[in-house]
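Colleague: These protein sequences, in sequence, are chains A and B. First residue of the first sequence? That's 1 in UniProt numbering, and the numbers climb one at a time after it. First residue of the second sequence? That's 1 in UniProt numbering, and the numbers climb one at a time after it.
Number of protein chains: 2
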Amino acid sequence: MVSRPGGRTARTRTAVAAALQEELLEVGYAGTTIERIARRAGVAKTTLYRRWGSVGQLVVDLFHEAAAVEIPVADTGSLEGDLRALARSAVTLLLHPRSRAVFDIVVGEAVHDEAARAALTDFFAGRVANAAPIVARAVARGEIPANTDAAEVIRQLGAPYYARLYITGDPIGEADADRAAAVTAMAARAGLLA
Amino acid sequence: MVSRPGGRTARTRTAVAAALQEELLEVGYAGTTIERIARRAGVAKTTLYRRWGSVGQLVVDLFHEAAAVEIPVADTGSLEGDLRALARSAVTLLLHPRSRAVFDIVVGEAVHDEAARAALTDFFAGRVANAAPIVARAVARGEIPANTDAAEVIRQLGAPYYARLYITGDPIGEADADRAAAVTAMAARAGLLA
Chain A
1 MVSRPGGRTA RTRTAVAAAL QEELLEVGYA GTTIERIARR AGVAKTTLYR
51 RWGSVGQLVV DLFHEAAAVE IPVADTGSLE GDLRALARSA VTLLLHPRSR
101 AVFDIVVGEA VHDEAARAAL TDFFAGRVAN AAPIVARAVA RGEIPANTDA
151 AEVIRQLGAP YYARLYITGD PIGEADADRA AAVTAMAARA GLLA
Chain B
1 MVSRPGGRTA RTRTAVAAAL QEELLEVGYA GTTIERIARR AGVAKTTLYR
51 RWGSVGQLVV DLFHEAAAVE IPVADTGSLE GDLRALARSA VTLLLHPRSR
101 AVFDIVVGEA VHDEAARAAL TDFFAGRVAN AAPIVARAVA RGEIPANTDA
151 AEVIRQLGAP YYARLYITGD PIGEADADRA AAVTAMAARA GLLA
């Protein structure tokens, strides 16, 4: 499929993505259908069926795109400060109903659907690539060992709030972001994430 | 429902649980039906429909029961040693195809089903209650601050390997259990889990 930036395909995608998020918030995943999304987006439902086939594939495809987005990472002068800023952004995103609705579906589908699993894995590979400069700067400052694994640092940072949301079912907030940053920075300094 | 230990109800449950796990491994969640479980367990399908209604509710109910099981926790003489033993048991369980199949379903359902969410939350409340003596012993030895939160310690311990499995999609193994124990023990000693 050829997609020109700002062209008709891009406009369709944007309209469909917005309609999908509104439907998910209004009627939930079980109630969301291709027909309803098409009507709300003002797009022919045959276009949606041809391109995505199902609501699940549509969610996964749009989520996949999110993996490629670069998010500016703060340069606070310390590893813990940088990780705290990153964790707070992630928690804020997960507390936002629209992004949370999409995330919930992808996590739920990923246990039995390969496309959803791949979208989630790619999303985190994107997050790691995006945040790798944080680790490189801390190494350059001599704060942490040179053989520190950036992927391990980012995984360790995110694990507590993702596990609270999707495994233990506990609430998340800024305190969880700050604690995750403190624990991860300490573990990295001690060489446990090498 | 009246259930006598060793009685007909208990035998039915055991047979149904075994049949369910075998079906999940053979044909996956999508292929598992009440009819197939009933045939394999040698139980009338009307009994299963009356008691559980659907495969999802059956999985959730059996998982709920697992929360109440007490698992002996090792007393190695150090917080890190005790946490390492606990984390290794958890990783071994998650690597076992039968328990993993059930866990996958409950995690997947929990994002949109209240009964599955409650089963998962109760499971971890059970794990915390079960492991609380580890934290109490470490406090008594003067290894960690008296105001350390046992629930926070157990959540911090489990977060990395659950997040690898269900969020980032990375493999898990003994090294992940050992790293989680080292990071959690260090964080607890520093008073970050109070």
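Every residue gets a Cβ at the ideal spot worked out from N, C-alpha and C, and that includes glycine.
Between the stretch 175-194 of chain A and the stretch 22-31 of chain B, can you find at least three pairs of beta-carbon atoms closer than 8 Å?
Modeller: By the criterion of at least three beta-carbon pairs nearer than 8 Å, the stretch 22-31 of chain B is not in contact with the stretch 175-194 of chain A.
Colleague: Would you say A30/B faces chain A, with C-beta separation under 9 Å as the test?
Modeller: Taking the first residue of the second sequence as position 1, residue 30/B is located at position 30. Nearest CB-CB separation between A30/B and chain A: below the 9 Å threshold.
Colleague: Is the number of C-beta pairs between the stretch 159-167 of chain B and the stretch 156-167 of chain A that are closer than 8 Å three or more?
Modeller: yes
Colleague: Which residue's Cα is closest to the Cα of R141/B: T9/B, L79/B, V128/B, A90/B?
Modeller: Position 141 of the second sequence, counting from 1, holds the residue named residue 141/B. The shortest Cα separation from R141/B among T9/B, L79/B, V128/B, A90/B belongs to L79/B.
Colleague: Alpha carbon to alpha carbon, what distance is there between P145/B and V139/B?
Modeller: As a working mapping, residue 139/B is identified with position 139 in the second sequence. As a working mapping, residue 145/B is identified with position 145 in the second sequence. V139/B and P145/B: Cα-Cα distance of roughly 6 Å.
Colleague: Considering Cα atoms alone, identify which of G31/B, K45/B, E70/B is closest to I105/B.
Modeller: Taking the first residue of the second sequence as 1, we reach residue 105/B at position 105. That would be G31/B, whose Cα lies nearest to the Cα of I105/B.
Colleague: Could you pull out every unbroken alpha helix (DSSP H) segment of at least 4 residues lying fully inside the stretch 50-110 of chain A, listed in chain order?
Modeller: 55-66, 79-95, 97-110
Colleague: Could you please give the first and the last residue of the uninterrupted alpha helix (DSSP H) stretch that includes I154/A?
Modeller: Translated into positions along the first sequence, residue 154/A becomes position 154. Here the alpha helix (DSSP H) through I154/A covers 150-163.
Colleague: In or out: I71/B buried (at least 16 other Cβ within 10 Å) or exposed?
Modeller: As a position in the second sequence, residue 71/B is number 71, starting the count at 1. Its Cβ having fewer than 16 others within 10 Å, I71/B is exposed.
Colleague: Nearest by alpha-carbon distance to L86/A: which of A74/A, R51/A, E109/A is it?
Modeller: The residue you call residue 86/A lines up with position 86 of the first sequence. Per the Cα distances, A74/A.
Colleague: Go ahead and label T46/A buried or exposed: buried means 16 or more other beta carbons lie within 10 angstroms of its beta carbon, across all protein chains shown.
Modeller: Residue mapping note: residue 46/A aligns to position 46 of the first sequence, counting from 1. Under this definition T46/A is an exposed residue.
Colleague: Grab me the residues of R127/B's own chain with a C-beta within less than 7 Å of its C-beta, minus the 5 sequence neighbours each way, in chain order.
Modeller: For this step, residue 127/B is matched to residue 127 along the second sequence. Within the same chain, R127/B has close Cβ partners I154.
Colleague: Using a Cβ-Cβ distance under 9 Å, would P160/A count as near chain B?
Modeller: Position 160 of the first sequence, counted from the first residue, corresponds to residue 160/A. Yes - at least one Cβ of chain B is within 9 Å of the one on P160/A.
Colleague: Would you please state the rounded distance, in angstroms, between the beta carbons of residue 247/A and T9/A? I believe it to be under 8 Å.
Modeller: Residue numbering for chain A in the displayed model covers 1 to 194; residue 247/A lies beyond these limits and cannot be assessed.
Colleague: Going by beta-carbon coordinates alone, are A41/A and A66/A separated by less than 9 Å?
Modeller: Sequence index remark: in the first sequence, residue 41/A carries index 41 (1-based). Sequence index remark: in the first sequence, residue 66/A carries index 66 (1-based). Contact: no.
Colleague: Just the Cα atoms here: how many angstroms apart are S54/B and I34/B?
Modeller: What you label residue 54/B is simply residue 54 of the second sequence in a count that begins at 1. What you label residue 34/B is simply residue 34 of the second sequence in a count that begins at 1. The straight-line gap from Cα to Cα measures roughly 7 Å.
Colleague: With a threshold of 9 Å between beta carbons, is L95/A in contact with chain B?
Modeller: In the first sequence, the residue the question calls residue 95/A occupies position 95. Taking a beta-carbon distance threshold of 9 Å, L95/A does not count as an interface residue toward chain B.
Colleague: In chain B, which residues lie less than 7 Å from residue 203/A when you measure between Cβ atoms?
Modeller: Only positions 1 to 194 of chain A appear in this structure, which leaves residue 203/A out of reach.
Colleague: What span of residues does the alpha helix (DSSP H) with V43/B cover, start to end?
Modeller: As a first step, residue 43/B is located in the second sequence; it is residue number 43 there, counting from the start. Taken as a continuous stretch (DSSP letters only), V43/B belongs to no alpha helix (DSSP H), as it is neither H nor E.
Colleague: Residue 195/A CB to nearest chain B CB: under 9 Å?
Modeller: This structure cannot speak to residue 195/A, because chain A is shown only from 1 to 194.
Colleague: Between which two residues does the alpha helix (DSSP H) carrying Y166/B extend?
Modeller: Residue mapping note: residue 166/B aligns to position 166 of the second sequence, counting from 1. First-last for Y166/B: undefined, no H or E at that position.
Colleague: To the nearest angstrom, how far is the alpha carbon of R98/B from that of V91/B?
Modeller: One-based indexing of the second sequence puts residue 98/B at position 98. One-based indexing of the second sequence puts residue 91/B at position 91. Their Cα atoms are separated by approximately 13 Å.
Colleague: Would DSSP call D113/A helix, strand or coil?
Modeller: Within the first sequence, the letter at position 113 stands for residue 113/A. In the structure shown, D113/A sits in coil (DSSP, three-state: anything other than H, G, I, E or B).
Colleague: Excluding the 5 residues flanking R183/A on each side, which residues of the same chain have their C-beta closer than 8 Å to its C-beta?
Modeller: Position 183 of the first sequence, counting from 1, holds the residue named residue 183/A. Note that residue 183/A is Val in the sequence shown, not Arg. Q156, P160.
Colleague: Return helix, strand or coil for T32/B, following the three-state DSSP convention.
Modeller: Counting from 1 along the second sequence, the entry for residue 32/B is found at position 32. In this structure, T32/B counts as coil in the three-state DSSP scheme.
Colleague: Any Cβ of chain A within less than 9 Å of the Cβ of G142/B?
Modeller: For the purposes of this step, residue 142/B is taken as residue 142 along the second sequence, with counting starting at 1. Not an interface residue.
Colleague: Helix, strand or coil for P171/B, going by three-state DSSP, please let me know.
Modeller: Counting from 1 along the second sequence, the entry for residue 171/B is found at position 171. P171/B falls in the coil class under three-state DSSP.
Colleague: I want to verify the contact list: residues of chain A whose CB lies under 8 Å from the CB of V111/B, in sequence order.
Modeller: Here the question's residue 111/B lines up with position 111 in the second sequence. Chain A residues near V111/B: D104, I105, V107, G108, Y166.
Colleague: Less than 9 Å separating the beta-carbons of H64/B and D113/B?
Modeller: As a position in the second sequence, residue 64/B is number 64, starting the count at 1. As a position in the second sequence, residue 113/B is number 113, starting the count at 1. For H64/B and D113/B, no; Cβs fall outside 9 Å.
Colleague: Do you know offhand how far A185/A's Cα is from D61/A's?
Modeller: Looking up residue 185/A in the first sequence gives position 185. Looking up residue 61/A in the first sequence gives position 61. One C-alpha to the other measures close to 34 Å.
Colleague: Going by beta carbon distance, what residues of the same chain come within less than 6 Å of R117/A, once the five residues before and after it are set aside?
Modeller: Start at 1 with the first residue of the first sequence, and residue 117/A comes out as number 117. A110, listed in sequence order.
Colleague: At a Cβ cut of 7 Å, what residues of the stretch 182-193 of chain A count as close to chain B, listed as they run along the chain?
Modeller: Correct list: A182, V183, M186, A187, A190, L192.
Colleague: Check the C-beta distance from A177/A over to R84/A and give it rounded, since I have them as a contact under 8 Å.
Modeller: Within the first sequence, the letter at position 177 stands for residue 177/A. Within the first sequence, the letter at position 84 stands for residue 84/A. About 7 Å; that satisfies the 8 Å criterion.
Colleague: Assuming contact is defined by CB atoms lying nearer than 9 Å, are residue 197/A and R88/B in contact in what I supplied?
Modeller: A question about residue 197/A goes unanswered here, because the residues of chain A that appear run from 1 up to 194.
Colleague: Buried or exposed, going by whether 16 or more other CB atoms sit within 10 Å of the CB of E174/B?
Modeller: Taking the second sequence and counting its residues from 1, one reaches residue 174/B at position 174. Classification for E174/B: exposed.
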